[in-house]
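**Student:**
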Amino acid sequence: MKTYKIAAIPGDGIGTEVIAAGIEVLESLAKKDGGFALRFEHFDWGSNYYLKHGAMMPADGLDQLKPFDAIYFGAVGSKEVPDHISLWGLRLNICQSFDQYANVRPARVLPGIDPPLKLAAPADLDWVIVRENSEGEYSGQGGRTHRGLPEEVATEIAVFTRHGVERIQRFAFELARKRPQRRLTLITKSNAQRHGMVMWDEIFARIATDYPDVQTDKMLVDAATMRMVLKPRSLDVMVATNLHADILSDLAAALSGSLGIAPTANLNPERKFPSMFEPIHGSALDIAGQGIANPIGTFWTAVMMLQHLGEFSAAARLMGAIEQVTSSRVFTPDLGGRATTAKVTAALCHAIEASRGHA
Ligand code: ATP
């Protein structure tokens, strides 16, 4: 039987609550499936670790993670540690060092969920946002001089390489090709950002000729937000830079019901390094410790992890169980319900248990 080694990094706030729930669900799934096993190793890295050790993770943290098949990540962010330290010290450090350049964010309206948008049919909102995850506006280039003085200068440089843009766009075309609509929208801001974004446009036009079966169009990011709200059905797969896609995917999550249900995968498609799977929400300190965090995003994240591991039937079983639970409206307060994280998790385990046959 194949055993996968999974590094669990719950992090801060509700990260610890949703990852514990996700592991419970994954364990009941592996038991039900019978064809594979999961061995979790827990890492207590995050803001509390930082307060004790002065770093978000140990110096050899990346070496420790390298042998794992996948990383199951919660969230980071706390009141005691500035956000840029917690983000760069852990999540971005892992994404960049492991060349997880493809960030994939599906968004769709799950059964039973009332989205804030009035849709003709739930299927009208069924998107995948492909976010460039290794460069762009989050490349870490720039600096500050004359700190604290009136003449202080800060620069934040967006870096776009032909190699980086080509590989993420090809990834998006490949993904779009596998979906029923086979449609890919390039989202940039090439009217105002006339260097890097124009290069994105040019590369896209050239790569599109290799994918005649994929229908393409392009939009400026500001207009794209309106189209997501007003004509959701006209969109399928979208590809955008690190910053633009970061913002668009929060919008997509909100439009599909709640930030609490949205998953994401940080992929190293060449599999030279482990890929990382996480819900898109943050540590949500406002509700941390109350046992009411929505674990659905973390469960859907697990579906993406299983697909990456090649366990497609288990992934399908888990997605089916998630949809069954949302259909029966066992909802945490963010979705208008009164269920706790534990209750949703128990309902999920029950749905897995009750699902038919072995995989
Ligand atoms: P970050 O900057 O890391 O994204 P943030 O605090 O800006 O963090 P979140 O932590 O994602 O954003 O939370 C934004 C809002 O969404 C909060 O009000 C939070 O309570 C709510 N929220 C986020 N995730 C969940 C969840 N899983 N269940 C319920 N509510 C959630």
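Just so you know, we're using this note's numbering here: the sequence shown kicks off at 1 and counts up by one.
Every residue gets a Cβ at the ideal spot worked out from N, C-alpha and C, and that includes glycine.
Report the start-end ranges of each alpha helix (DSSP H) in the segment 27–65 that is 4 residues or longer and not cut off at the edges.
**Tutor:** The segment 27–65 contains these whole alpha helix (DSSP H) runs: 47–53 and 61–65.
**Student:** Can you give me the C-alpha to C-alpha distance between Val198 and Thr188, rounded to a whole angstrom?
**Tutor:** So the two alpha carbons sit approximately 8 Å from each other.
**Student:** What residues sit near the ligand ATP, counting only those whose C-beta is closer than 5 Å to one of its heavy atoms, in chain order?
**Tutor:** Ordered along the chain, the selected set is Gly77, Leu259, Gly260, His281, Gly282, Ala284, Asp286, Ile287, Ala293, Asn294 and Asp334.
**Student:** Could you give the distance in angstroms between the alpha-carbon of Val330 and the alpha-carbon of Gly337?
**Tutor:** When rounded, the distance between both Cα atoms is 7 Å.
**Student:** Can you grab the Cα-Cα spacing for the pair Phe299 / Gln307, in whole Å?
**Tutor:** In a straight line, the C-alpha of Phe299 is about 13 Å away from that of Gln307.
**Student:** Is the beta carbon of Leu149 sitting closer than 7 Å to the one on Val237?
**Tutor:** In this structure, Val237 does not lie closer than 7 Å to Leu149 by Cβ.
**Student:** Could you give the first and the last residue of the continuous beta strand (DSSP E) run that contains Asn133?
**Tutor:** Per DSSP, Asn133 belongs to no beta strand (DSSP E) and is neither H nor E.
**Student:** Which one of Pro212, Ala224 and Glu156 has the shortest CA to CA distance from Leu186?
**Tutor:** For the residues Pro212, Ala224 and Glu156, the minimum Cα distance to Leu186 belongs to Ala224.
**Student:** Does Asn242 come within less than 7 Å of chain B when only Cβ atoms are used?
**Tutor:** Going by chain labels, chain B is absent from the structure shown, which holds only one protein chain.
**Student:** Only counting the same chain, and skipping five residues up and downstream in sequence, which positions put a Cβ closer than 8 Å to that of Glu41?
**Tutor:** Lys5, Ile6, Ala7, Ala8 and Phe68, listed in sequence order.
**Student:** In the DSSP assignment, find the alpha helix (DSSP H) that holds Gly74 and state where it starts and stops.
**Tutor:** Gly74 -> not in any alpha helix (DSSP H); beta strand (DSSP E) instead, spanning Ala70 to Ala75.
**Student:** Could you pull out every residue in the same chain whose Cβ sits closer than 8 Å to the Cβ of Ile360, ignoring the five residues on either side in sequence?
**Tutor:** Nothing can be reported for residue 360: it is not among the residues displayed for the chain, which extend from 1 to 359.
**Student:** Quick one: Cα of Leu248 to Cα of Val128, how far?
**Tutor:** Using only the alpha carbons, I get a separation of about 11 Å.
**Student:** Taking the alpha carbon of Asp60 as the point to measure from, which residue in Gly34, Gln169, Asn242 and Asn93 has its own alpha carbon closest?
**Tutor:** It is Asn93 whose Cα lies nearest to the Cα of Asp60.
**Student:** Gly77 to Ala339, Cα distance in whole Å?
**Tutor:** So the alpha carbons of these two residues sit roughly 25 Å apart.
**Student:** My parser needs the beta strand (DSSP E) runs of 3 or more residues fully inside the segment 161–248; what are they?
**Tutor:** Listed in chain order, they are 183–188, 215–220 and 237–240.
**Student:** Counting only runs that start and end within the segment 266–329, where is the alpha helix (DSSP H) found for 4 or more residues in a row?
**Tutor:** Counting whole runs of 4 or more residues, the segment 266–329 contains the alpha helix (DSSP H) stretches 296–309 and 312–327.
**Student:** Give me the Cβ distance between Tyr138 and Arg177, rounded to the nearest whole Å; I'm assuming they're in contact under 8 Å.
**Tutor:** At roughly 27 Å, the Cβ-Cβ gap does not stay under 8 Å, so Tyr138 and Arg177 are not in contact.
**Student:** What distance in whole Å lies between the Cβ atoms of Thr264 and Thr301, which are believed to be in contact at a cut-off of 8 Å?
**Tutor:** That pair is a contact at about 7 Å.
**Student:** Check whether the Cβ atoms of Ser283 and Ala75 sit closer than 7 Å, and answer yes or no.
**Tutor:** Cβ atoms of Ser283 and Ala75: closer than 7 Å.
**Student:** Helix, strand or coil: which one does DSSP assign to Ile113?
**Tutor:** Three-state result, Ile113: coil.
**Student:** At which residues does the beta strand (DSSP E) containing Glu156 begin and terminate?
**Tutor:** Counting along the chain, the beta strand (DSSP E) containing Glu156 begins and ends at Val153 to Val159.
**Student:** Is DSSP giving Val18 helix, strand or coil here?
**Tutor:** Residue state, collapsed to three classes: helix.
**Student:** Among residues of its own chain, excluding the 5 on either side of Ala245, which ones have a beta-carbon nearer than 6 Å to its beta-carbon?
**Tutor:** Excluding sequence neighbours, Ala245 sits near Ile129 and Arg131.
**Student:** So, helix, strand or coil for Thr341, using DSSP?
**Tutor:** If DSSP states are grouped into helix, strand and coil, Thr341 belongs with the helices.
**Student:** Express the C-alpha separation of Ala120 and Val109 in angstroms, rounding to a whole number.
**Tutor:** Cα to Cα, Val109 sits roughly 12 Å from Ala120.
**Student:** Report the option in Met228, Gln141 and Ser355 whose CA atom is closest to the CA atom of Asp124.
**Tutor:** Closest option to Asp124, Cα to Cα, is Met228.
**Student:** Output the distance between the C-alpha atoms of Ala359 and Arg194, rounded to the nearest integer angstrom.
**Tutor:** Note on Ala359: pLDDT 48, under 50, position unreliable in the model; the coordinate value appears next. Taking the straight line joining both Cα atoms gives about 51 Å.
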